[in-house]
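Under my numbering, the first residue of the sequence shown carries the number 524, and numbering increases by one thereafter. These notes concern the structure reproduced below.
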Amino acid sequence: MVQKTSLSAQPYLPGCLPENVWKILKRRIRARAVFPGKIESITKVIKEEWDKLTPKDWNKYIDSTPSRLQQVKDRKGVQTEF
Numbered sequence: 524m525v526q527k528t529s530l531s532a533q534p535y536l537p538g539c540l541p542e543n544v545w546k547i548l549k550r551r552i553r554a555r556a557v558f559p560g561k562i563e564s565i566t567k568v569i570k571e572e573w574d575k576l577t578p579k580d581w582n583k584y585i586d587s588t589p590s591r592l593q594q595v596k597d598r599k600g601v602q603t604e605f
């Protein structure tokens, strides 16, 4: 199991983590009592939620990578359940 302990540069490199991690961030931001309206507020909220992410949040996606890749291979690139 891969565990990452620091994500300080990651918010600026969206391709470095599975897309599902970005979905976690969106869900958490939408769940806030007050949705940020201005770009400055949105930026602040994204950073706050990013800092709350833990390895538990993304390890299940990293751990499932081999099976997802196998499914892509088995389906010869056709859309998968993931």
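In this text, a Cβ means the ideal position worked out from N, Cα and C, and glycines have one as well.
Over what stretch of residues does the alpha helix (DSSP H) that includes residue i continue unbroken?
i    : result
V601 : That residue, V601, is in no alpha helix (DSSP H); it is neither H nor E in DSSP.
K570 : I562 to K575
R551 : E542 to R553
K578 : In the sequence as displayed, the identity of residue 578 is Pro instead of Lys. Looking at the DSSP string, the run of the alpha helix (DSSP H) that includes P578 is P578 to D586.
Return the residue from the list the options that minimises the CA-CA distance to residue i.
i    : options                   : result
E542 : S587, G560, R553 and D574 : S587
K546 : E571, V557, W581 and P559 : W581
Taking 7 Å as the cut-off, is the C-beta of residue i nearer than that to any heavy atom in the ligand SAH?
i    : result
V595 : The ligand SAH is absent from the structure shown, which contains no ligands of any kind.
Just to check my reading of the structure: residue i and residue j have Cβ atoms closer than 8 Å, yes? What is that Cβ distance to the nearest angstrom?
i    : j    : result
R555 : V544 : Not quite, the Cβ-Cβ distance comes to about 18 Å (not below 8 Å), so this is no contact.
L548 : W573 : 7 Å
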